[in-house]
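One structure below.
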Amino acid sequence: MKSFRALPLFLILIHSVIASGQEDVMRKTIPATRSSERPKIDGDLSDAVWEAAPIAKDLVMFEPQNGGPVNKNMQTEVRVLYDDNAIYISAKLFDQSLDSILTQLTQRDSYNENNDWFGFFINPYNDGLSDFNFWITAAGTQADAKTTVNGDDFSLNSVWKSAVQITDWGWTVEAEIPCIALRFPETPVKDWGINFMRNVRRNRETSTWNFLDKSSGYRFEYQCGLLTGMTNIDPPVRLSAMPYLSAYADDFDGTSNYDINAGLDLKYGINESFTLDMTLIPDFGQVAFDQQFLNLSPFENRFDENRQFFTEGTELFTIGDLLYTRRIGGEPKNIRGQDLNSNDSVSIKQEYTRLLNAVKVSGRTKNNLGIGVMNAITDDNFSIKIENGVETKLLTEPLTNYNVLVLDQRFNRNSSISLVNTNTMRKGAAHDANVAALLGSFISKSGKYSLNVAGKQSAIFENNTIDDGYSGWWELQDVDGLWRWEIGQWIATDNFDINDLGFQQRNNEQVQYASLEYRSIQPKGKFNRVEHEVWTSYRFLQRPYRYEYLSFSTGYLD
2 MKSFRALPLF LILIHSVIAS GQEDVMRKTI PATRSSERPK IDGDLSDAVW
52 EAAPIAKDLV MFEPQNGGPV NKNMQTEVRV LYDDNAIYIS AKLFDQSLDS
102 ILTQLTQRDS YNENNDWFGF FINPYNDGLS DFNFWITAAG TQADAKTTVN
152 GDDFSLNSVW KSAVQITDWG WTVEAEIPCI ALRFPETPVK DWGINFMRNV
202 RRNRETSTWN FLDKSSGYRF EYQCGLLTGM TNIDPPVRLS AMPYLSAYAD
252 DFDGTSNYDI NAGLDLKYGI NESFTLDMTL IPDFGQVAFD QQFLNLSPFE
302 NRFDENRQFF TEGTELFTIG DLLYTRRIGG EPKNIRGQDL NSNDSVSIKQ
352 EYTRLLNAVK VSGRTKNNLG IGVMNAITDD NFSIKIENGV ETKLLTEPLT
402 NYNVLVLDQR FNRNSSISLV NTNTMRKGAA HDANVAALLG SFISKSGKYS
452 LNVAGKQSAI FENNTIDDGY SGWWELQDVD GLWRWEIGQW IATDNFDIND
502 LGFQQRNNEQ VQYASLEYRS IQPKGKFNRV EHEVWTSYRF LQRPYRYEYL
552 SFSTGYLD
């Protein structure tokens with residue numbers, strides 16, 4: 002029986018006065034129009050149903066000249082309808098140079114290639130955190146993503162309809178977004194955040210309906226417009242189940258082996274805010290293989306995650322950078338640690354541990370508290386050792402239980418405090434591990450200054466002992482204006498280790514850094530923007546104390 006003690010959490014306390022409010026952003030509004038008739042999604046905007054909807058127009062340039070006027074020959078008109086089942090959007094994109102509209106055909110989600118495109122961004126909670134983003138190129142290619150704290154997550158892959166047409170005055174877009182593809186609150190009257198964006202590729206020109214101020218420290222999601230007055234639509238039941246049955250046959254050297262697997266993937270919307278994902282005895286045989294390359298460095302390779310369960314709805318679990326999901330069902334820890342004589346050999350039964358099941362629940366409450374819980378269990382893994390012709394079964398990885406808990410409280414729009422805990426528990430005498438972190442991100446009232454802090458503690462439990470390690474990080478930034486700067490420090494003790502469920506290459510070091518940057522977002526001559534940065538950092542070992550290097554660098558970006 003293994004015993005655990007409560008782990009004290011290493012904190013970094015920095016005394017800083019940061020105002021709690023934020024200045025309001027100017028927001029355009031467009032009233033929602035309920036339709037009794039569903040428009041035909043074919044790119045032809047002559048349907049009479051569109052005439053009842055007001056027009057969103059007068060887009061403002063986003064780049065290259067942030068806030069500048071759009072060419073009068075390239076205006077855009079957008080209309081929005083809704084009914085009980087879907088949101089409908091149409092757009093007229095005027096362009097007198099029809100032969101210059103770029104229509105390169107690309108694969109899904111590759112919208113920003115050599116083509117013109119139109120996009121719209123819907124935030125049903127109007128909180129700047131839960132955007133659903135959709136793009137359609139002039140060639141008809143679709144792209145969709147969900148906004149997360151770490152950027153756009155293109156694993157969304159919703160099912161929705163769209164169509165485009167090239168006309169004698171430009172081109173058109175029609176789109177239908179089913180309500181089941183969105184999450185939205187169950188309120189009598191709904192006001193959603195919304196914005197529209199257009200890109201004219203040949204001019205490298207992008208414009209938006211509600212102005213996005215690139216010089217501001219605010220996230221663009223907080224600078225959207227409003228779709229007002231939606232009534233009598235209810236969140237649909239979100240439930241999907243995907244059972245599977247797979248069979249494998251292996252014929253080698255006159256010996257045939259057969260394997261049959263069955264399992265289930267389940268997704269269920271618990272309520273308007275939280276979603277349950279579950280996979281039972283999953284089969285990842287169709288997942289893309291990792292690119293193989295020779296690693297001559299002292300550090301392990303970090304591979305991308307391609308398994309659908311670990312790529313969808315995981316934005317909360319990336320906070321703190323403590324979770325590397327390839328550890329779950331990855332290569333056994335002791336697969337290369339067997340003692341072999343010159344006449345011995347090892348036959349690997351399973352190159353990767355078998356994932357028995359995994360469950361995650363994630364979402365965000367109306368008070369902007371994000372909650373994420375994940376659990377996964379992997380089976381015992383064995384190899385066969387052949388010694389002088391005698392086979393011996395060796396345990397390379399015991400039954401393991403992985404757990405992750407994330408609490409993320411957002412407030413004052415851009416600011417947040419987060420608590421993250423990861424835990425790895427193994428059957429038998431193998432070691433267990435726990436990592437806890439407290440993180441904070443604070444933005445000043447004007448959006449000009451930001452302060453980020455993090456404190457982390459790792460603990461390895463083995464042979465009735467606990468090996469603690471700590472790390473800390475702080476960073477103060479000026480994120481607004483022509484001249485910007487940052488200073489920061491990162492510290493890790495020699496026994497700080499998150500690799501049981503995370504990914505870490507270095508510890509036992511301290512890094513101090515600072516930078517000064519000049520950033521002009523307005524065009525100057527042939528340049529759309531100008532950025533020049535001077536960076537310096539100082540690194541040394543913690544134990545024994547030893548200087549490593551002092552570096553200076555500079556960079557220019559046009």
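Under my numbering, the final residue of the sequence shown carries the number 559; numbering is consecutive throughout.
All residues carry an ideal CB built from backbone N, CA and C; glycine is no exception.
Span of the beta strand (DSSP E), counted from its first residue to its last, around Leu297: First-last for Leu297: undefined, no H or E at that position.
Can you give the Cα-Cα distance for Leu357 and Asp380, rounded to whole angstroms? 6 Å
Could you round the C-beta distance between Asn369 and Asp153 to whole angstroms and report it? I think they count as a contact, below 8 Å. With 8 Å as the limit, Asn369 and Asp153 do not qualify as a contact, their Cβ atoms being about 20 Å apart.
Rounded distance between the beta-carbons of Trp118 and Tyr126, thought under 8 Å: So it is not a contact: roughly 26 Å between Cβ atoms.
Based on Cα-Cα distance, which residue from Tyr353, Asn376 and Arg355 lies nearest to Ser363? Asn376
When the Cα atoms are used, what is the spatial distance from Asp291 to Asp59? 47 Å
Which residue wins for smallest C-alpha separation from Ile123, given the options Lys386, Ala182 and Thr393? Ala182
Beta-carbon separation of Glu463 and Glu476 under 8 Å? no
Would you call the CB atoms of Lys394 and Phe383 closer than 8 Å? yes
Check whether the Cβ atoms of Arg239 and Phe504 sit closer than 8 Å, and answer yes or no. no
Beta-carbon contacts of Trp170 that lie in its chain and below 7 Å, excluding the five residues immediately before and after: Phe95
Does the Cβ of Tyr471 have 16 or more other Cβ atoms within 10 Å, making it buried, or fewer, making it exposed? buried
Do you know how far the Cα of Gln458 is from the Cα of Ser423? According to the sequence provided, residue 423 is Thr. The question's Ser does not apply to it. Near 11 Å, if we compare the C-alpha coordinates of Gln458 and Thr423.
Hey, which unbroken runs of the beta strand (DSSP E) at 3 residues or more fall wholly within the stretch 397-443? 401-412 and 416-427
Of the choices Ile90, Met279, Glu78 and Arg202, whose alpha-carbon is the least far from that of Thr562? An answer regarding residue 562 cannot be provided, because it is not within the stretch 2 to 559 covered by the chain.
C-alpha distance - His533 paired with Leu227, whole-angstrom precision: 36 Å
Under the rule that 16 or more other beta-carbon atoms within 10 Å means buried, what is Ser131, buried or exposed? buried
Can you tell me which residues form a DSSP beta bridge with Asn166? Looking at the sequence itself, residue 166 is Gln, so the reference to Asn does not match. Answer by DSSP bridge pairing, in chain order: Thr173.
Can you give the Cα-Cα distance for Glu24 and Trp474, rounded to whole angstroms? Low confidence applies to Glu24: its pLDDT is 46, below 50, so where it sits in the model is not reliable, and the reading given next is rough at best. Cα to Cα, the separation comes out at about 28 Å.
Bridge partners of Asp100, per DSSP? None, per the DSSP bridge assignment.
So, does the stretch 145-152 touch the stretch 62-69, judging by three or more C-beta pairs under 8 Å? no
The stretch 318-337 contacting the stretch 404-413, beta-carbon criterion three pairs below 8 Å: yes
Trp51 - DSSP class collapsed to helix/strand/coil: helix
Close beta carbons around Asp433, own chain, < 7 Å, minus the five adjacent residues each side: Lys3, Thr425, Met426, Arg427 and Phe462
Any contact between the stretch 489-508 and the stretch 37-57? By contact I mean 3 or more CB pairs, one from each, below 8 Å. no
Would you report the Cα separation of Ala87 and Asp145, rounded to the nearest angstrom? 16 Å
Secondary structure at Thr77, three-state DSSP: helix, strand or coil? strand
Terminal residues of the beta strand (DSSP E) in which Met198 lies: Val190 to Val201
Buried versus exposed, by CB contacts within 10 Å (16 or more), Trp161: buried
Would you call Gly373 buried or exposed, if buried means 16 or more other Cβ atoms sit within 10 Å of its Cβ? buried
For Leu277, three-class secondary structure by DSSP: strand
Which one of Ser216, Thr229 and Asp278 has the shortest CA to CA distance from Leu83? Correcting the residue identity first, residue 83 is Tyr in this sequence and not Leu. Comparing Cα-Cα distances from Tyr83 to each of Ser216, Thr229 and Asp278, the minimum goes to Thr229.
Below 8 Å on the Cβ atoms is my guess for Phe121 versus Phe197; work out the distance and round it to an integer in Å. 5 Å
Starting from Pro32, trace the beta strand (DSSP E) both ways and give me its first and last residue. Thr30 to Pro32
Classify Ile195: buried if its beta carbon has 16 or more other beta carbons within 10 angstroms, exposed otherwise. buried
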